[in-house]
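For the sequence shown, position 275 (counting from the first letter as 1) is numbered 275 according to full-length UniProt numbering, and the numbering increases by one without interruption.
The structure under discussion appears below in the form of structure tokens.
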Amino acid sequence: MRILRALALPAIAFALLTLFEAALAERKYGLFGGGFGAMHVVDTAAEAALVLAGVALAQGALIGALFLLIRALHGRRRDSALARFNFLFFTLGIGAALLLLKYEVLSYFSDAIGFELMKNLGGGSIGDALLYVADEAGLAAAVIAGAGAAWWIGWRLVRRHAADEAAPPPFGWRHLLWLALPLVAVLFFARQVPDARYALMRFNAPAAANAVLSELTDFDRDGFSWFSAQVDRHPFDGARHPFALDVPGNGVDEDGLGGDFTFDSDAETLPTPRLPEKPPHLVLIVLESMRADVLGKRAGGREVAPVLNALARTGSAAPAAYSHVGFTTASLKSLFSGALDPAAGTGSLFRDLKANGYRIGVFSGQPESFGDISEVVGMKENADVFVDAETLKDERAFGFAAKGSLLIDGKKLLGAFDRAFGDPAGWRQPTFVYWNVQEAHFPYHHPGMPQILPGTPIPRGEISLANRDRVEATYWNAAAYGDRLIGAMIARLKAMGVWGDVLLVVTADHGESLFDDAFLGHGHVINRQQTAIPLVINRPGLAPERPVGLSDYRRILLRALGAEVGEGKPRPVFQHIGGLDWPAEIGMVEPDGRRTVMNMTEETVRFDDGALRRLADLSGADAARAKRLTDEWARQRWIAHLRREKAR
């Protein structure tokens with residue numbers, strides 16, 4: 001009986017935490033019950049046995065280790081009521097809170113969210129990323145204070161009612177090996193059972209154990225091992241592994257995808273173009289987080305973007321324009337440079353137009369140093385007037401001052417434009433204006449934004465899947481405000497008498513999921529919501545009919561300004577989530593409009609019908625499509641590699 005009482009505490013913690021996590025995982029993923037879109041379902045006895053064994057062994061080892069660790073930290077009072085209370089508080093209380101936080105984050109983002117993706121959203125800085133996703137600066141302090149208060153109240157209750165001493169546990173650190181050793185075998189065999197492995201990796205304890213084993217078996221230190229998501233088939237050759245750079249034509253398939261690829265490139269460096277003696281002015285407007293379906297969209301019975309719609313009717317609009325990556329920093333670098341992963345100092349629209357005598361003005365509602373955008377494309381160094389969210393930091397829309405959260409109302413940028421470029425005499429010189437409009441940035445409303453469409457904006461704290469309709473209504477009102485600002489810019493250009501000489505281009509850095517695909521935001525899934533963007537030009541016949549990506553814009557705009565720049569060979573629009581070298585997903589839109597997306601971790605492929613297929617199961621035309629995608633990824637990586645080598 002004494003032994004049972006000693007085991008009761010870790011057993012209770014094990015049971016409650018495991019059941020709680022299992023309920024959350026089942027609700028999110030449908031691991032055992034399946035559901036809409038579920039690719040991995042544990043539906044055989046063997047799979048279920050692996051999952052249950054793996055979860056039980058890993059969770060048992062984790063709970064046991066925490067129990068022994070907390071006892072040891074209490075020294076002579078290791079068997080006191082305080083030690084037992086702290087074990088339950090930190091294991092159940094903090095553990096459950098972390099699980100809730102994890103699944104709250106996953107309710108907005110896809111499984112692709114991770115360190116690299118968070119860093120990308122933070123402009124290359126994980127610190128900025130953490131600040132970027134925080135609601136308020138004081139939120140963390142409030143949570144810590146609440147946890148401290150809960151601990152104090154709980155301890156007072158326990159001290160009043162619990163016996164101070166308890167029996168020591170009938171196990172020690174060496175006994176945890178009885179759980180750890182069979183766990184290694186379970187995780188090793190689960191590698192060969194995709195559904196079981198997927199389910200196990202949704203639980204924190206097996207995932208943590210697998211990460212440790214992966215590190216221990218990464219013999220060649222290339223980041224891959226016997227336990228990594230993509231198994232290292234060459235564990236002692238650091239040059240051959242998943243995500244290795246595939247060197248073309250050497251007879252070696254370094255990354256294990258599709259064989260050694262043949263490099264076929266027309267991506268030569270674009271020389272500085274020569275423009276006509278009197279080229280048009282260029283006004284380039286980039287709308288933050290603007291979806292392609294803003295064109296023609298109606299909300300609350302009203303037209304969301306009447307100005308854009310009118311421009312599309314009298315000018316031209318691309319039927320299929322895409323962001324390559326779905327997040328701001330890389331998107332803008334691609335737009336201005338014409339490359340997916342440009343090196344600092346590369347050719348860009350700013351450098352092209354400065355070399356052709358343009359006066360350049362930057363009016364941006366975001367900090368253009370975020371993620372080194374300005375440095376890479378030569379924005380600030382070539383601008384005659386440079387105004388961004390750091391310049392106007394004291395006029396930011398929100399009190400939060402993290403770089404990734406700075407936002408300036410577009411009407412304040414119009415004021416800066418009036419002061420710098422409002423004199424018609426200055427427009428005798430060819431002029432390039434880049435205007436970044438941030439109105440549709442999360443949380444889709446800011447103080448001072450007018451309510452143009454019916455309804456009221458949803459407060460940031462109420463944004464959730466349950467309030468999807470209100471989220472959409474708030475977003476579309478922000479889009480309507482951005483459209484109104486475009487109209488105000490056009491009115492200014494007409495008032496100065498220069499509108500007839502202006503090439504006006506309106507586009508976006510990426511789209512936005514509004515829970516219509518079960519997710520919110522951008523940069524974590526390759527789909528139309530997050531990557532399809534508008535491209536509207538005020539002159540007819542200039543917007544391309546074929547699918548284009550942001551990296552095509554430099555050529556498109558230079559040709560529209562009169563430069564003799566070739567179109568290049570028709571290529572698919574390549575897309576990726578995460579870094580180009582370590583993507584979570586890759587995808588492409590082919591010249592005929594067909595879409596292919598591959599999840600690199602699970603090695604699954606999604607075509608236009610939305611159904612998921614395992615890469616290993618593909619054959620015929622489907623296999624050929626997947627190979628075109630992996631070859632295009634290899635080609636883009638090699639181009640980026642050559643650019644980096646040249647920049648050294």
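Where a beta carbon is used, it is the ideal one built from N, C-alpha and C, also for glycine.
Secondary structure within the stretch 413–446: the beta strand (DSSP E) runs of 3 or more consecutive residues, fully enclosed, are 431–437 (chain order). In the structure shown, Phe263 adopts coil according to DSSP, grouped into three states. In the three-state DSSP reduction, Gln575 falls in the strand class (E or B). Beta-bridge pairing by DSSP links Val597 to Gly587, Arg606. Taking the Cβ atoms as the reference, Val376 lies roughly 10 Å from Glu368, outside the contact range of under 8 Å. In this structure, Arg555 and Gly338 form a Cβ contact; the two beta carbons are roughly 6 Å apart against a cut-off of 8 Å.
Under the DSSP assignment, Leu287 falls in the beta strand (DSSP E) whose first and last residues are 281–287. Leaving aside the five residues that flank Leu550 on each side, the residues in its chain whose CB is nearer than 7 Å to its CB run, in chain order, Ser323, His324, Ser331, Ser334, Leu335.
Non-local beta-carbon contacts of Ala479 in its own chain, meaning distances under 6 Å to residues more than five positions away in sequence, involve Val294, Val304, Ala440 in chain order. Counting along the chain, the unbroken alpha helix (DSSP H) around Ser374 starts and ends at 373–377. Within the stretch 504–563, no run of beta strand (DSSP E) reaches 3 residues while sitting entirely inside it. Two segments are said to touch when three or more pairs of C-beta atoms, one from each, lie closer than 8 Å; by this definition the stretch 570–587 touches the stretch 627–642. In the three-state reduction of the DSSP assignment, Phe227 falls in the coil class, being assigned neither a helical nor a strand state.
Among the bridge pairs identified by DSSP, Ser316 is matched with Ile537.
With a threshold of 16 other beta carbon atoms within 10 Å, Glu277 falls short and is exposed.
The beta carbon of Glu26 sits closer than 8 Å to those of Phe32, Gly33, all from its chain and outside the five residues before and after it, given in chain order.
For Ile360, no alpha helix (DSSP H) segment is defined; the enclosing uninterrupted segment is the beta strand (DSSP E) at 359–364. Arg71 is classed as buried because its beta carbon has at least 16 other beta carbons within 10 Å across all chains shown. In the DSSP annotation of this structure, the continuous segment of the beta strand (DSSP E) that includes Phe386 starts and ends at 385–387. Between Gly64 and Leu176, the gap from beta carbon to beta carbon is short of 7 Å.
For Arg613, the enclosing beta strand (DSSP E) starts and ends at 612–614. Rounded to whole angstroms, the gap between the alpha carbons of Val565 and Pro342 is 19 Å. Counting every other CB atom within 10 Å of its CB across the protein chains shown gives Trp582 a total below 16, marking it as exposed.
Check the Cα spacing between Pro591 and each of Leu557, Arg648, Arg628, Glu602: the tightest is with Arg628. Rounded to the nearest whole angstrom, the C-alpha separation of Gln366 and Phe417 is 15 Å.
Between Thr531 and Gly347, the beta carbon gap of about 25 Å keeps them out of contact (Cβ cut-off 8 Å). Counting only the Cα atoms, Ala229 lies some 36 Å from Pro534.
Going by DSSP, Val304 is part of no alpha helix (DSSP H) at all; its letter is neither H nor E.
In the three-state reduction of the DSSP assignment, Ala244 falls in the coil class.
Ser214 carries a helical assignment under DSSP once its states are collapsed to helix, strand and coil.
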